[in-house]
Amino acid sequence: KIFTPTTPHSRQPCPKQRWQARTMLRRWIPRQFMKNPPLVSVILPTFNRAWTLKDAIDSVLDQDYPNIELIVIDDGSTDLSSSDVKMLEKIDSRIRLERCEHSGLVKTLNHGISRASNELIARADIDDLYKANRLESQSDFLANNGDVAAVFSDYQFISDSGKSFGTLYGGVFPEITKLS
1 KIFTPTTPHS
11 RQPCPKQRWQ
21 ARTMLRRWIP
31 RQFMKNPPLV
41 SVILPTFNRA
51 WTLKDAIDSV
61 LDQDYPNIEL
71 IVIDDGSTDL
81 SSSDVKMLEK
91 IDSRIRLERC
101 EHSGLVKTLN
111 HGISRASNEL
121 IARADIDDLY
131 KANRLESQSD
141 FLANNGDVAA
151 VFSDYQFISD
161 SGKSFGTLYG
171 GVFPEITKLS
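Numbering (the working numbering), first residue to last: 1 to 180.
Here it is in structure tokens:
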């Protein structure tokens, strides 16, 4: 099942996009999750980016939120990406590696979503660094706002020297509809 976001200005489906960057999607969130936080499946696609993979994985696993499953989807990398994840997979049971033939980002994300069986799905890009409270604050927001299907966080653009040079502010997508 895929959620299709609408553009904020037109309320029409985003062209050729089925996933908004840095979103968390709601599959189904019953109220009892206030006591028992749902498992969040974090989808992390990669293609020949072994040099940024470890930092991205660490930032997901270092969350304050306790119930995380990290699904790394290797989109046919020819570098050391898969072997690096296999090594980490042996150390941390929250990591799972899925490999597929190189097919591009959208198909790779859909492959990851199809492998997730949890209530919440979050997305991470290979060059993302999560703040420690990201998954907790987003899952709490979704649990307390039953009419909201997806949220995305603020994020900062950071140069190679570590300097922030811009911010994109997050939001809520109450107008997202579930496609059957």
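For every residue, glycine included, the Cβ atom is placed at its ideal position computed from N, Cα and C.
Can you tell which of the options has its C-alpha closest to the C-alpha of residue i?
| i | options | result |
| --- | --- | --- |
| Leu114 | Ile73, Gln156, Asn48, Thr46 | A small fix is needed here, since residue 114 is Ser in this sequence, not Leu. That would be Ile73, whose Cα lies nearest to the Cα of Ser114. |
| Lys54 | Tyr155, Leu129, Ala116, Thr78 | Leu129 |
| Ile186 | Glu101, Phe47, Val151 | This structure gives no information on residue 186, because the portion of the chain shown stretches from 1 to 180. |
How long is the line joining the alpha carbons of residue i and residue j, rounded to whole angstroms?
| i | j | result |
| --- | --- | --- |
| Leu44 | Gly104 | 13 Å |
| Lys86 | Leu80 | 10 Å |
| Arg31 | Val40 | Its pLDDT being 42, under 50, Arg31 is placed unreliably in this model, and the coordinates cannot settle the point. |
| Tyr65 | Glu136 | 5 Å |
| Asp127 | Gly76 | 18 Å |
| Trp28 | Glu119 | With a pLDDT of only 42 at Trp28, under 50, the local geometry of the prediction cannot be trusted, and the value read off the model is given with reservation. Looking at the two C-alpha atoms, the distance is approximately 5 Å. |
| Leu142 | Pro38 | 11 Å |
By the three-class DSSP mapping on this structure, what secondary structure does residue i have?
| i | result |
| --- | --- |
| Asp160 | coil |
| Ala122 | strand |
| Val148 | coil |
| Gly166 | strand |
Who are the near neighbours of residue i in its chain, counting only those whose CB is closer than 8 Å to its CB and skipping five residues on each side?
| i | result |
| --- | --- |
| Leu61 | Ile68, Leu70, Asp92, Arg94, Ile95 |
| Phe157 | Ser164, Phe165, Gly166, Thr167, Leu168 |
| Gln63 | Tyr130, Ala132, Asn133, Arg134, Leu135, Glu136 |
Assuming residue i and residue j make a contact with CB atoms under 8 Å, what is their CB distance in whole Å?
| i | j | result |
| --- | --- | --- |
| Gly112 | Glu98 | 7 Å |
| Arg134 | Ser153 | 6 Å |
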